[in-house]
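Reading the sequence shown from the start, the letters are residues 244 to 607 in full-length UniProt numbering. We put the beta carbon where it would ideally sit given N, CA and C, even for glycine.
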Amino acid sequence: GKGNHAHFMHKEIHEQPTVIGYTLHRMIDAAAGRVALSDLNVDLSAIRRVQLSACGTAALAALTARHWIEGLAGIPTSWDVASELRYRAVPMSGTELGVFVSQSGETADTLGAMAQAQSAGAHTLAITNVAESSMAREADDVLLTMAGPEIGVAATKTFTCQLVALACLAMAIGRARGVLGEARESAFVQALSEVPSRINDILGREQQLVTLAETIAPARNVLYIGRGMSHPLAMEGALKLKEISYIHAEGYAAGELKHGPIALIDGSMPVIVVAPRDALFPKTLSNMEEVLARGARVLLFTDAEGAEEADRPGVESFVMPAIDPLAAPLLYAVPIQLIAYHVALQKGTDVDQPRNLAKSVTVE
Ligand code: F6R
């Protein structure tokens with residue numbers, strides 16, 4: 244049941260500290276400060292390219308992981324949504340690792356893309372939340388997320404658990420290839436193990452997000468922007484908002500704004516800026532200035548120092564806990580989910596069962 248929560252989605256958002264903890268427990272050796280994916284058969288040192296694919300929110304987890312795999316394992320990494328990948332003639336071979344991410348393990352397009360990669364000779368790895376699923380059965384290797392059953396149609400806790408698995412996979416590839424130093428690995432493992440308590444801190448300040456949602460709820464269009472790993476998060480924020488509140492939203496790479504979408508900006512278009520204080524923060528800040536200059540109201544997600552630096556008329560900030568930028572997507576996912584939830588609640592839409600959507604898409 245939903246316990247004392249009004250919706251499954253709310254319960255599942257609040258379960259994240261616990262289920263991220265379970266997933267981490269399976270994939271890291273916290274005492275040693277190392278990743279420990281003992282379930283894998285594949286020889287990761289032999290991999291020359293990684294192909295990531297999935298649908299919807301799972302695809303956005305995979306897109307986030309491209310940054311981790313390139314950055315920590317130094318290996319070429321491609322990404323495409325499964326409905327496209329499966330019909331493209333992507334050259335693959337036995338030195339290719341195909342990583343397919345799916346909560347349900349039953350999504351038709353993801354299964355199709357995985358089968359195509361398998362027949363092209365790639366080694367396939369499924370990241371799924373359902374041990375008995377078709378994907379878990381058919382993949383050469385499986386990493387199980389420990390999110391528990393997700394009932395709300397909008398994916399929340401399974402997304403952050405997928406991020407945990409993908410971050411650990413990136414470290415495992417980096418280590419197998421001898422390019423990830425021990426210090427870097429233990430710093431990232433440490434940051435990941437701090438995620439559950441940092442999320443609890445965010446959940447404790449949910450009331451602030453309810454108030455911020457009131458400024459979004461009347462909008463007809465919302466733009467989310469971010470750079471680097473915050474770009475897929477901007478897309479995930481937009482996806483959550485459109486699917487449960489029916490507000491049109493776009494997630495854009497902040498640097499692409501001036502190549503078109505900035506034409507849309509006026510005082511009626513809120514812009515949500517996802518900007519952890521990483522190396523790209525100053526660049527995102529200058530994109531924020533550009534939308535402010537066109538009259539947009541800005542909702543900014545950043546940490547305390549970032550909020551101070553970005554303090555300007557027209558900017559409302561939600562102050563995030565400080566975290567190693569590598570682990571930021573796991574934290575920044577949470578207020579993005581809660582904003583969508585509270586906007587939907589304020590609009591009175593059906594949060595757990597949005598119109599036209601099914602929890603598991605088993606036809607293409
Ligand atoms: C969005 C959402 C969908 C799913 C997508 C893939 O909130 O839930 O976009 O992420 O249908 O589903 P799985 O992960 O089961 O393959």
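Looking at residue i and the ligand F6R, is the gap between the Cβ and the nearest heavy atom below 7 Å?
i: residue 580; result: no
i: residue 347; result: yes
i: residue 307; result: no
i: residue 254; result: no
i: residue 397; result: yes
i: residue 501; result: no
i: residue 404; result: no
i: residue 300; result: yes
i: residue 607; result: no
i: residue 207; result: Here the chain covers residues 244 to 607 and nothing more, so residue 207 does not appear.
i: residue 486; result: yes
i: residue 483; result: yes
i: residue 266; result: no
i: residue 594; result: no
i: residue 358; result: no
i: residue 324; result: no
i: residue 604; result: yes
i: residue 350; result: yes
i: residue 353; result: yes
i: residue 608; result: Outside the shown range of the chain (244 to 607) lies residue 608, about which nothing can therefore be said.
Drop a sphere of 10 angstroms on the beta-carbon of residue i, count the other beta-carbons inside from all chains shown, and report buried for 16 or more, exposed for fewer.
i: residue 286; result: exposed
i: residue 422; result: exposed
i: residue 350; result: buried
i: residue 599; result: exposed
i: residue 576; result: buried
i: residue 257; result: buried
i: residue 473; result: buried
i: residue 502; result: exposed
i: residue 461; result: exposed
i: residue 291; result: exposed
i: residue 244; result: exposed
i: residue 250; result: buried
i: residue 509; result: exposed
i: residue 268; result: exposed
i: residue 546; result: buried
i: residue 319; result: exposed
i: residue 428; result: buried
i: residue 417; result: buried
i: residue 525; result: exposed
i: residue 301; result: buried
Check whether the Cβ atoms of residue i and residue j lie closer than 8 Å to each other.
i: residue 341; j: residue 360; result: yes
i: residue 442; j: residue 260; result: yes
i: residue 284; j: residue 384; result: yes
i: residue 329; j: residue 356; result: yes
i: residue 567; j: residue 431; result: yes
i: residue 465; j: residue 574; result: no
i: residue 535; j: residue 557; result: yes
i: residue 415; j: residue 280; result: yes
i: residue 458; j: residue 542; result: yes
i: residue 480; j: residue 515; result: yes
i: residue 295; j: residue 277; result: no
i: residue 378; j: residue 265; result: no
i: residue 505; j: residue 586; result: no
i: residue 316; j: residue 448; result: no
i: residue 467; j: residue 493; result: yes
i: residue 400; j: residue 262; result: yes
i: residue 396; j: residue 602; result: yes
i: residue 387; j: residue 374; result: yes
i: residue 592; j: residue 488; result: yes
Could you check how far apart the C-beta atoms of residue i and residue j are, in whole angstroms? I think they sit under 8 Å.
i: residue 326; j: residue 607; result: 7 Å
i: residue 346; j: residue 371; result: 7 Å
i: residue 434; j: residue 470; result: Actually they do not touch by this definition, with Cβ atoms about 20 Å apart.
i: residue 311; j: residue 409; result: 6 Å
i: residue 436; j: residue 273; result: 5 Å
i: residue 513; j: residue 540; result: 5 Å
So, is the C-beta of residue i closer than 8 Å to a C-beta in chain C?
i: residue 292; result: Judged by its chain identifiers, the structure shown contains no chain C, having just a single protein chain.
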